[in-house]
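**Student:** Each residue of the sequence shown is one higher than the one before, starting from 22 at the first, in the working numbering.
Backbone N, C-alpha and C define an ideal beta-carbon position, used for all residues, glycine too.
Take a look at this one; I'll ask things after.
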Amino acid sequence: MARALEQARAAAEMGEVPVGAVLVRDGRVVAEGHNRTMTDADPTAHAEVVVLRKAARDQGDFRLERTTLYVTLEPCAQCAGAIVLARVPRVVFGASDPKSGMVGSLGNLLQHPRLNHRSAVTRGVLGEPAGDLLRRFFRARR
Numbered sequence: 022m023a024r025a026l027e028q029a030r031a032a033a034e035m036g037e038v039p040v041g042a043v044l045v046r047d048g049r050v051v052a053e054g055h056n057r058t059m060t061d062a063d064p065t066a067h068a069e070v071v072v073l074r075k076a077a078r079d080q081g082d083f084r085l086e087r088t089t090l091y092v093t094l095e096p097c098a099q100c101a102g103a104i105v106l107a108r109v110p111r112v113v114f115g116a117s118d119p120k121s122g123m124v125g126s127l128g129n130l131l132q133h134p135r136l137n138h139r140s141a142v143t144r145g146v147l148g149e150p151a152g153d154l155l156r157r158f159f160r161a162r163r
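If you want it as structure tokens, here you go:
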């Protein structure tokens, strides 16, 4: 999770919303990245999607089984949907997102009983430093 926080700090330095993500399999980093929506002029370039795309491309398969995704902010609907489609079995996130989080705040796509895949979820890991980073970023923009 500390590595995801490093990615979030890198995003902030680029002027991106500071969200970072790291995908791990068998104790090894498979992919890491951060938000790139402004940099890539791509509304879908959230940290989670950036990481899932890289990992799928590198392994030649969209199924990212036996992995854990660490992300500094609770995934939104788009990212939660991508996580389900990629079949990521475990997600660990830091700060909750009461405005658009879909892993418990507004809903829970990752554990919805009607979907074909569900992820185990661990909430609040390094949530305070991740939340502080986001608050400082948005305070500086106002």
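For a cutoff of 7 angstroms on Cβ pairs, would you count R163 as touching chain C?
**Tutor:** Protein chains in the displayed structure number just one, and chain C is not present.
**Student:** Determine the direct distance from the alpha carbon of D118 to that of G102, and round the result to whole angstroms.
**Tutor:** As a working note, residue 102 is residue 81 in the sequence shown. As a working note, residue 118 is residue 97 in the sequence shown. Spanning the two alpha carbons is a distance of roughly 16 angstroms.
**Student:** What is the DSSP secondary structure of A103, counted as helix, strand or coil?
**Tutor:** In the sequence shown, the residue the question calls residue 103 occupies position 82. In the structure shown, A103 sits in a helix (DSSP, three-state: H, G or I).
**Student:** Can you tell me whether F159 is buried or exposed? The criterion is at least 16 other CB atoms within 10 Å of its CB, across all chains shown.
**Tutor:** Taking the first residue of the sequence shown as position 1, residue 159 is located at position 138. Burial call: exposed.
**Student:** Which partner residues of T89 appear in the DSSP bridge assignment?
**Tutor:** For this step, residue 89 is matched to residue 68 along the sequence shown. Note: T89 sits in a beta bridge opposite V45, R111.
**Student:** How long is the line joining the alpha carbons of G54 and T88, rounded to whole angstroms?
**Tutor:** As a working note, residue 54 is residue 33 in the sequence shown. As a working note, residue 88 is residue 67 in the sequence shown. Distance between the alpha carbons of G54 and T88 is about 16 angstroms.
**Student:** Taking only three categories from DSSP, how would you classify T65?
**Tutor:** Looking up residue 65 in the sequence shown gives position 44. Here T65 sits in coil by DSSP.
**Student:** Under a three-way DSSP split, which group does G148 fall into?
**Tutor:** Translated into positions along the sequence shown, residue 148 becomes position 127. Of the three classes helix, strand and coil, the one that applies to G148 here is helix, per DSSP.
**Student:** Could you check if E69 is buried or exposed, using at least 16 other CB atoms within 10 Å of its CB as the buried criterion?
**Tutor:** If you number the sequence shown from 1, residue 69 lands on position 48. By the neighbour-count rule (16 or more Cβ atoms within 10 Å), E69 is buried.
**Student:** If we ignore side chains and look at the alpha-carbon of each, how far apart do R163 and G81 end up?
**Tutor:** What you label residue 163 is simply residue 142 of the sequence shown in a count that begins at 1. What you label residue 81 is simply residue 60 of the sequence shown in a count that begins at 1. Near 42 angstroms, if we compare the C-alpha coordinates of G81 and R163.
**Student:** Which residues does DSSP pair with H55 in a beta bridge?
**Tutor:** Start at 1 with the first residue of the sequence shown, and residue 55 comes out as number 34. G41, per the DSSP bridge assignment.
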